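This report concerns only the one structure given below.
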Amino acid sequence: MAKFVLNQNLPGVCDVNHQNRAGYSALMLAALTSVGQEEEDMAVVKRLFGTGDVNAKASQTGQTALMLAISHGHQDMVAALLECGADVNVQDADGATALMCASEYGRLDTVQLLLAQPSCDLTILDNEGTSALAIALEAEQDEVAALLHAHLTSNHHSFQGQPPPRSPTVKRCSDK
1 MAKFVLNQNL PGVCDVNHQN RAGYSALMLA ALTSVGQEEE DMAVVKRLFG TGDVNAKASQ
61 TGQTALMLAI SHGHQDMVAA LLECGADVNV QDADGATALM CASEYGRLDT VQLLLAQPSC
121 DLTILDNEGT SALAIALEAE QDEVAALLHA HLTSNHHSFQ GQPPPRSPTV KRCSDK
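Numbering (UniProt numbering), first residue to last: 1 to 176.
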């Protein structure tokens, strides 16, 4: 059914960016699910992500679909959102980024995936002046903290005193 509605592309019929009373769009709610290895289901999800704004913020918290997928542990959705152009550096109402969220929850695989994005900026601070590394240390996520520290150290000279680029390479999901 979702595939049918997405294929209609009729104005006013399917606005995947429309937010409900709680401030979440269909795209954000899809990020809270997991399709696992079901290729056809993932194709529909990618179509949804490709149709909407993957960087839209929830009206109440400022969280993005990427942050929601990370906080709920849905690695498949994280990968799909990144493939569809999700910006890893968007900050929510508290100034937190997707990397900070993954660091706090100790999601090592997700942190690795985020760090693999060329635009991932480890130097961003939240509203309290805290970095992803400090968040990982405070949450006693030692493996994540070690990875972040190693990444910061190895990339220290790469930017010659300049912060890493913040704008992602724009790419969209394929219409499968």
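Don't be surprised by glycine CBs; every beta carbon is placed ideally from N, CA and C.
Fair warning: this is a prediction, and the values are worked out from it, not measured in the lab.
How many Å lie between residue i and residue j at the Cα?
i, j, result
"V44", "C84", "13 Å"
"L81", "D121", "18 Å"
"Q162", "E40", "Because Q162 sits at a pLDDT of 48, beneath the cut-off of 50, its placement in the model cannot be relied upon, and the following sentence gives the value as read from the coordinates. Cα to Cα, the separation comes out at about 43 Å."
"A134", "A79", "25 Å"
"A150", "S34", "31 Å"
"residue 195", "L147", "Any property of residue 195 remains undetermined from this structure, which presents the chain solely from 1 to 176."
"A56", "D94", "16 Å"
"M42", "T123", "33 Å"
"Q8", "A96", "The pLDDT assigned to Q8 is 49, lower than 50, so where the model puts this residue is not dependable; a value taken from the coordinates is nonetheless given after this. So the alpha carbons of these two residues sit roughly 36 Å apart."
Consult DSSP for residue i and reduce its assignment to one of helix, strand or coil.
i, result
"Q19", "strand"
"S103", "helix"
"S154", "helix"
"S71", "helix"
Return the chain-ordered list of same chain residues with a C-beta closer than 6 Å to the C-beta of residue i, the five sequence neighbours on each side being excluded.
i, result
"L99", "L114 and A132"
"Q60", "G23"
"A139", "E104"
"L152", "L122"
Excluding the five sequence neighbours on either side, which residues of its own chain have a C-beta within less than 7 Å of the C-beta of residue i, listed in chain order?
i, result
"H72", "L32"
"Q75", "D109 and T110"
Taking residue i as part of the alpha helix (DSSP H), name the residues at either end of that continuous run.
i, result
"R47", "E39 to T51"
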